[in-house]
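*Asks:* Following the working numbering, the numbering of the sequence shown begins with 77 at its first residue and continues without gaps.
For each residue, glycine too, the CB sits at the ideal point set by N, CA and C.
This one's a predicted model, so the numbers in the text were calculated from it and none came from an experiment.
Following this message is one structure expressed as structure tokens.
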Amino acid sequence: MEKLYARDLYGQTLLELGKKDPRVVVLDADLSGSTRTAIFGKEFPERFFNVGVAEQNLMATAAGLSSCGKIVFASTFAMFATARPLDQIRNTVCYNNCNVKIVATHGGITVGEDGASHQAIEDVGFLRPIPNIRIIVPCDAWEARAAVLAAYETEGPFYIRLGRSKARTVTQKPPFELGKGQTIEDGRDVALVACGIMVNEALQARDVLKEQGISAAVINMPTIKPVDEDLIVRMAERFGKIVVCEEHQVIGGLYSAVCEVLARTRPVRVAAVAVDNKFGQSGNPEELMKHYGLTPGGIADKAVNLCRQTSGN
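Quick look at the structure:
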């Protein structure tokens with residue numbers, strides 16, 4: 077399967093939207109080459125604004141432009157798009173339900189050698205409690221494109237989290253439906269619910285588990301908020317055990333969202349493959365994924381242990 081940069085398709089999609097809709101404007105915080113918003117800026121300089129290293133101004137300006145009828149895309153690295161301007165996101169963008177689409181690149185520990193200061197592994201947790209915002213973590217470049225189009229077509233604030241590295245194509249360009257998960261592979265013993273690049277890791281874990289006689293379903297859950305509650309409950313009723321896989325802290329992200337749903341609907345055993353309440357560190361992406369257990373082997377181990385626990389009841 078091909079590997080693509082999600083941020084490449086983001087930049088190309090912005091260009092397409094800019095050509096068909098003069099309301100689209102794009103803002104960046106001095107990282108337009110990396111986020112690929114420069115593609116839009118080169119074609120439409122009058123609708124592109126580089127606010128510099130001033131993320132609070134980025135969000136406040138985006139909100140102001142949206143109040144004038146613009147559809148605003150605001151981009152920078154995920155670490156700087158969430159933690160630094162959190163006040164403006166909450167009190168200006170979301171409180172006023174502004175039509176601002178925050179599309180952040182360089183999410184997760186796979187930012188790599190830039191280290192802990194640049195590795196956004198708490199970003200979803202920062203934003204998920206805030207009313208009005210929708211949160212999407214696409215699994216590959218094509219789903220990223222579909223998410224950007226869905227955000228463009230849907231009024232209100234969005235946070236779309238993209239990675240730095242190329243990601244293997246998983247979805248084969250399926251229709252993206254906001255708030256819905258997708259069963260990529262079916263199974264009979266355990267459900268692996270994943271988002272972002274962890275969907276590909278879960279698919280590989282499925283092959284590892286198959287060698288051990290365990291049949292795993294793989295669920296792609298790109299929308300973290302609003303999460304697909306119906307699908308989560310169906311997986312719980314069918315399998316009685318779920319492994320949640322995400323390139324994020326174990327607190328505040330997809331694992332938390334799944335557990336919150338099940339705690340009030342269908343309590344079952346849930347295991348997490350996520351960063352276990354630790355900071356990131358410098359290293360190449362593959363080394364970091366291995367160090368934090370975000371691998372097919374790590375997922376398979378959690379699934380095997382969960383199956384053993386359940387069979388012992």
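Specify whether the stretch 267-275 and the stretch 213-222 touch according to this definition: at least 3 beta carbon pairs, one from each stretch, less than 8 angstroms apart.
*Replies:* With the cut-off at 8 angstroms, the stretch 267-275 and the stretch 213-222 touch.
*Asks:* Look up residue 377 in the DSSP assignment and give the residues it is bridged to.
*Replies:* Answer is none; residue 377 lacks a bridge partner.
*Asks:* Taking the alpha-carbon positions, what's the residue 346 to residue 239 distance?
*Replies:* 26 angstroms
*Asks:* Looking at residue 197 and residue 325, is the spacing between their C-beta atoms short of 9 angstroms?
*Replies:* One thing to note: residue 325 has its Cβ within 9 angstroms of the Cβ of residue 197.
*Asks:* What does the Cβ neighbour count give for residue 153, buried or exposed, with the cut at 16 atoms within 10 Å?
*Replies:* buried
*Asks:* Short of 6 angstroms in beta carbon distance, which residues of its chain neighbour residue 361, apart from the five on each side in sequence? Order them along the chain.
*Replies:* Same-chain partners within the cutoff: 186, 188, 241.
*Asks:* Within 10 angstroms of its Cβ, does residue 389 collect 16 or more other Cβ (buried), or is it exposed?
*Replies:* Caution applies to residue 389, whose pLDDT of 49 falls short of 50 and renders its modelled position unreliable; the value that the coordinates give is listed next. Residue 389 comes out exposed.
*Asks:* Give me the Cβ distance between residue 236 and residue 177, rounded to the nearest whole Å; I'm assuming they're in contact under 8 angstroms.
*Replies:* 7 angstroms
*Asks:* Which runs of the alpha helix (DSSP H) at least 4 residues long sit entirely within the stretch 132-207? Give them in chain order.
*Replies:* 154-158, 199-203
*Asks:* Tell me the DSSP secondary structure of residue 222 in three-state form.
*Replies:* helix
*Asks:* Would you mind stating whether residue 103 and residue 120 have Cβ atoms separated by less than 9 angstroms?
*Replies:* no
*Asks:* Helix or strand or just coil, what does DSSP make of residue 106?
*Replies:* Coil, per DSSP.
*Asks:* Grab me the residues of residue 155's own chain with a C-beta within less than 6 angstroms of its C-beta, minus the 5 sequence neighbours each way, in chain order.
*Replies:* 194, 196
*Asks:* DSSP has residue 259 in a bridge; who is on the other side?
*Replies:* 295
*Asks:* I need the boundaries of the alpha helix (DSSP H) containing residue 357, first residue and last residue.
*Replies:* Residue 357 -> no alpha helix (DSSP H), and no H or E assigned at all.
*Asks:* If you follow the alpha helix (DSSP H) that residue 282 is part of, which residue opens it and which one closes it?
*Replies:* Here the alpha helix (DSSP H) through residue 282 covers 274-287.
*Asks:* State the DSSP-derived secondary structure class of residue 348, mapped to helix, strand or coil.
*Replies:* Under the three-state reduction of DSSP output, residue 348 falls in the strand class.
*Asks:* State the Cα-Cα distance for the pair residue 377 and residue 164, rounded to the nearest angstrom.
*Replies:* 41 angstroms
*Asks:* Can residue 208 and residue 258 be called in contact, C-beta distance under 9 angstroms?
*Replies:* no
*Asks:* What does residue 266 pair with, by DSSP beta-bridge criteria?
*Replies:* 292
*Asks:* Check the C-beta distance from residue 344 over to residue 318 and give it rounded, since I have them as a contact under 8 angstroms.
*Replies:* 7 angstroms
*Asks:* Please identify the residue among 112, 320, 199, 229 whose C-alpha is closest to the C-alpha of residue 266.
*Replies:* 320
*Asks:* Which of helix, strand or coil does DSSP assign to residue 368?
*Replies:* coil
*Asks:* Go ahead and label residue 174 buried or exposed: buried means 16 or more other beta carbons lie within 10 angstroms of its beta carbon, across all protein chains shown.
*Replies:* Buried.
*Asks:* Where residue 106 and residue 202 are concerned, what is the direct C-alpha to C-alpha distance, given to the nearest angstrom?
*Replies:* 23 angstroms
*Asks:* Mind checking residue 41: buried by the 16 CB within 10 Å criterion, or exposed?
*Replies:* Look at the range of the chain in this structure, 77 to 389, and you will see that residue 41 is not part of it.
*Asks:* Once DSSP output is grouped into helix, strand and coil, what is the label at residue 213?
*Replies:* coil
*Asks:* For residue 127 versus residue 111, is the C-beta spacing smaller than 9 angstroms?
*Replies:* Between residue 127 and residue 111, the C-beta gap is not smaller than 9 angstroms, which leaves the two residues out of contact.
*Asks:* For residue 332, which option in 253, 247, 205, 374 has the closest C-alpha, if you only look at C-alpha atoms?
*Replies:* 205
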